[in-house]
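Q: Residue numbers (our numbering): 319 to 602.
Note that beta-carbon positions come from the ideal geometry of N, C-alpha and C, so glycine has one too.
1. Could you tell me whether the stretch 486-500 touches the stretch 453-460, where touching means 3 or more Cβ pairs closer than 8 Å?
2. Taking the straight line between their C-alpha atoms, what separation do you get for residue 397 and residue 471?
3. With 16 as the cutoff for other CB atoms within 10 Å, does residue 580 come out buried or exposed?
4. Give the straight-line distance between the Cα atoms of residue 508 and residue 409, rounded to the nearest whole angstrom.
5. In the DSSP assignment, find the beta strand (DSSP E) that holds residue 323 and state where it starts and stops.
6. Can you give, in chain order, each stretch of the alpha helix (DSSP H) that sits fully within the stretch 400-476 and has at least 4 residues?
7. With a threshold of 7 Å on Cβ separation, who are the neighbours of residue 328 within its own chain once the five nearest residues in sequence on each side are excluded?
8. Out of 463, 362 and 323, state which residue places its alpha-carbon closest to the alpha-carbon of residue 574.
9. For residue 436, I'd like the list of residues in its chain whose CB is within less than 6 Å of its CB, leaving aside the five on either flank, ordered along the chain.
10. Does the distance from the C-beta atom of residue 389 to that of residue 405 stay below 8 Å?
11. I think residue 425 touches residue 515, with their Cβ atoms under 8 Å apart; what is that distance to the nearest whole Å?
12. Buried or exposed: residue 552, going by 16 or more other Cβ atoms within 10 Å of its Cβ?
13. Could you give the distance in angstroms between the alpha-carbon of residue 510 and the alpha-carbon of residue 538?
14. Under 6 Å Cβ to Cβ from residue 570, same chain only, skipping five residues before and after it: list those, please.
15. Report the rounded CA-to-CA distance for residue 527 versus residue 503, giving the unit in angstroms.
16. Beta-carbon separation of residue 341 and residue 320 under 8 Å?
17. Please state whether DSSP places residue 381 in a helix, a strand or coil.
18. Whole angstroms is fine: what's the gap from residue 592's alpha carbon to residue 348's?
19. Compare the Cα-Cα distances from residue 452 to each of 484, 493 and 466 and report the closest residue.
20. Taking the CB atoms as reference points, tell me whether residue 484 and residue 333 lie closer together than 8 Å.
21. Quick one, which of 374, 367 and 422 has its alpha-carbon nearest residue 352's?
22. Which residues does DSSP pair with residue 347 in a beta bridge?
23. Report the partner residues of residue 499 according to the DSSP bridge assignment.
24. Is DSSP giving residue 504 helix, strand or coil here?
25. Could you tell me if residue 563 is buried or exposed, where buried requires 16 or more neighbouring beta carbons within 10 angstroms of its beta carbon?
26. Taking the alpha-carbon of residue 438 as reference, which of 400, 416, 469 and 449 has the nearest alpha-carbon?
27. Can you grab the Cα-Cα spacing for the pair residue 371 / residue 339, in whole Å?
Structural data, given as structure tokens:
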């Protein structure tokens with residue numbers, strides 16, 4: 319079996335690749351940074367029982383359709399057609415909408431949404447011809463509720479839900495199963511970078527849930543794929559949001575908004591005090 323993983327150089331993608339590699343499957347890792355891909359390759363081939371000849375890497379920015387097509391072509395010529403696609407590549411840079419540069423907003427949409435579509439597009443026709451295949455779209459718990467400072471990320475990840483549903487209807491006719499998962503905060507290199515930028519308003523909501531390990535998330539995703547699950551959720555809170563969102567979210571957003579207004583008011587008060595103090599110092 320040939321498994322292609324985008325965003326496979328670290329985090330959830332690499333953890334998923336590790337599980338399939340230990341099964342003896344052929345693994346292709348795609349990511350932007352060749353150095354990180356080389357490091358990931360080294361980690362996989364160092365695993366006991368893993369055949370190095372069954373692991374390969376290819377550098378590509380998923381936001382570029384041509385790069386993805388070229389990289390997947392190289393992988394499929396070496397290991398055969400893609401049986402399972404794990405579309406895990408994604409980025410997040412939290413920031414209030416009016417403070418976020420347009421290119422930062424656009425990059426998250428291009429990578430998380432269009433990059434996923436680019437990867438799917440390249441393998442989809444082959445799966446249709448063979449009338450078999452599995453596609454897993456890695457979304458996020460942030461797709462289930464709007465979060466302060468995550469406008470671009472929430473938009474890109476929630477859009478994957480509609481894509482998965484529509485594509486799933488089309489693909490089922492050809493024996494292809496399309497699935498989507500909604501991971502929580504996960505301990506990855508990207509998460510650590512994200513935490514350095516996360517607004518305190520977002521921490522009100524997201525900081526109440528303990529992050530999962532990449533290994534635990536990967537195990538649930540692979541198990542869900544094995545069982546033919548169309549949607550995979552993590553923990554009671556995100557599961558409740560997924561299934562009872564219309565009932566739960568109004569009260570949750572009301573509470574969240576009150577807390578945010580309180581923080582914002584404190585910040586404004588602090589800024590006013592600082593301005594008064596500065597003016598007093600100048601007057602002296």
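A: Walking through what the data contain:
1. yes
2. 33 Å
3. exposed
4. 8 Å
5. 320-324
6. Look at the stretch 400-476 and you find these whole runs of alpha helix (DSSP H), each 4 residues long or longer: 420-427 and 433-448.
7. 354, 358, 506 and 507
8. 463
9. 380, 383 and 386
10. no
11. Residue 425 to residue 515, Cβ: 14 Å. No contact.
12. buried
13. 22 Å
14. none
15. 8 Å
16. no
17. In the three-state scheme derived from DSSP, where H, G and I count as helix and E and B as strand, residue 381 is classed as coil.
18. With a pLDDT of 46 at residue 592, under the threshold of 50, the modelled position of that residue is not reliable, and the figure given next carries that caveat. Their backbone Cα atoms lie some 49 Å apart in a straight line.
19. Comparing Cα positions, the closest option is 493.
20. no
21. Considering only 374, 367 and 422, the residue with the shortest C-alpha distance to residue 352 is 374.
22. 323 and 375
23. 456 and 550
24. strand
25. exposed
26. In terms of CA proximity to residue 438, 400 leads the group 400, 416, 469 and 449.
27. 11 Å
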